[in-house]
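Peer 1: Handing you this structure, nothing more for now.
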Amino acid sequence: MATNITWHEGSVSLEERQGLLKQKGFTIWFTGLSASGKSTLATALEQTLLHSGINAYRLDGDNIRFGLNKNLGFGPDDRTENIRRISEVAKLFADSTVIAITAFISPYKADRDSARELHQAANIPFIEVFADAPLDVVEERDPKGLYRKAKAGEIKEFTGISAPYEAPEQAEIHIKTHEVSVELGVQKILDYLVKTKLVDDKMLVKKIPSP
Ligand SMILES: Nc1ncnc2c1ncn2[C@@H]1O[C@H](COP(=O)(O)OP(=O)(O)O)[C@@H](O)[C@H]1O
Ligand SMILES: [Mg+2]
Numbered sequence: 082m083a084t085n086i087t088w089h090e091g092s093v094s095l096e097e098r099q100g101l102l103k104q105k106g107f108t109i110w111f112t113g114l115s116a117s118g119k120s121t122l123a124t125a126l127e128q129t130l131l132h133s134g135i136n137a138y139r140l141d142g143d144n145i146r147f148g149l150n151k152n153l154g155f156g157p158d159d160r161t162e163n164i165r166r167i168s169e170v171a172k173l174f175a176d177s178t179v180i181a182i183t184a185f186i187s188p189y190k191a192d193r194d195s196a197r198e199l200h201q202a203a204n205i206p207f208i209e210v211f212a213d214a215p216l217d218v219v220e221e222r223d224p225k226g227l228y229r230k231a232k233a234g235e236i237k238e239f240t241g242i243s244a245p246y247e248a249p250e251q252a253e254i255h256i257k258t259h260e261v262s263v264e265l266g267v268q269k270i271l272d273y274l275v276k277t278k279l280v281d282d283k284m285l286v287k288k289i290p291s292p
């Protein structure tokens, strides 16, 4: 624990920053089993927002474990610390007026609730998105071959196989990725953001330009 530290207030308030940069930050928090579609949806959402001139930045579980969280494993304590750090980082991005999009399994409800409370205390909206697909579907997808390895005992503490996943009960957005396309999934999120006035409908490009 750090001691002898004092918060140093800035000279620009959150509201003034938002006004100057003409954007409000918030966090879109994806949760779901491995291969449920978090990264796929997060990437497509980020692309749509950026092409609309809205600053968004994706924090992806695997990528973050290459750097900031490379000293963490997959045991319960390290998973909690993984999510605690990302909650703080997402909050910082959102506080700076960026739309933070996180794509982490985040299997424990208590950890996701802590992330939400952290945002609420800072007056920053937090939108939980449940990327949901049944275990047999994600095992069949298995884009990285991880379920196969986990079932063979080659990966320990794998969510859904040998570690728990606590599904959200009141996520703001629930996307059944085995029932809707990626495009429809993204549209569902955009509809929510427009409805809650977090994003202005007039800003959104309706079609992502082809590369
Ligand atoms: N409707 C859908 N939404 C998201 N992903 C889908 C959908 N349908 C099929 N997929 C596929 O499921 C896999 C999801 O992988 P990924 O996005 O890496 O999952 P996660 O980040 O949750 O581990 C990808 O291969 C993707 O193409
Ligand atoms: Mg992913």
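Position in the sequence shown (from 1) plus 81 gives the number in our numbering. C-beta: ideal position from N, C-alpha, C; glycine also.
1. Ignore the nearest five residues each way along the sequence and tell me which others in Gly118's own chain have a CB closer than 6 angstroms to its CB.
2. In the DSSP assignment, find the unbroken beta strand (DSSP E) run with Thr112 in it and report its ends.
3. Return yes when the C-beta of Thr183 is under 7 angstroms from any heavy atom of ligand 1, and no when it is not.
4. Check His132 in the structure and name its three-state DSSP category.
5. Under the three-state reduction of DSSP, which class applies to Arg139: helix, strand or coil?
6. Buried or exposed for Arg229, going by 16 or more other Cβ atoms inside 10 Å?
7. Which residues, in chain order, sit with a beta-carbon under 6 angstroms away from any heavy atom of ligand 1?
8. Assuming Phe211 is part of the beta strand (DSSP E), what are its boundary residues?
9. Span of the alpha helix (DSSP H) holding Lys276?
10. Using a Cβ-based criterion (distance less than 7 angstroms to any ligand heavy atom), does Gly308 qualify as near ligand 2?
11. Report the residue from Ser115, Leu102 and Gly156 whose alpha carbon sits nearest the alpha carbon of Ala175.
12. Please say whether Thr112 and Asp224 have beta carbons closer to each other than 8 angstroms?
13. For the alpha helix (DSSP H) containing Ala171, list its first residue and its last residue.
14. Could you check how far apart the C-beta atoms of Trp110 and Glu209 are, in whole angstroms? I think they sit under 8 angstroms.
15. According to DSSP, is Ile256 helix, strand or coil?
Peer 2: On the basis of the data shown:
1. Ala212 and Thr258
2. Phe107 to Thr112
3. no
4. helix
5. strand
6. exposed
7. Gly113, Ser115, Ala116, Ser117, Gly118, Lys119, Ser120, Thr121, Leu122, Ala184, Ala212, Arg222, Pro224, Thr258, Val261, Ser262, Val263 and Gly266
8. Phe207 to Asp213
9. Val263 to Lys276
10. Lying before the first or after the last residue shown, residue 308 is absent from the chain, which here runs from 82 to 292.
11. Leu102
12. Asp is not the amino acid found at residue 224; the sequence shown has Pro there. Cβ distance not < 8 angstroms, so Pro224 and Thr112 don't count as in contact.
13. Pro157 to Asp176
14. 5 angstroms
15. strand
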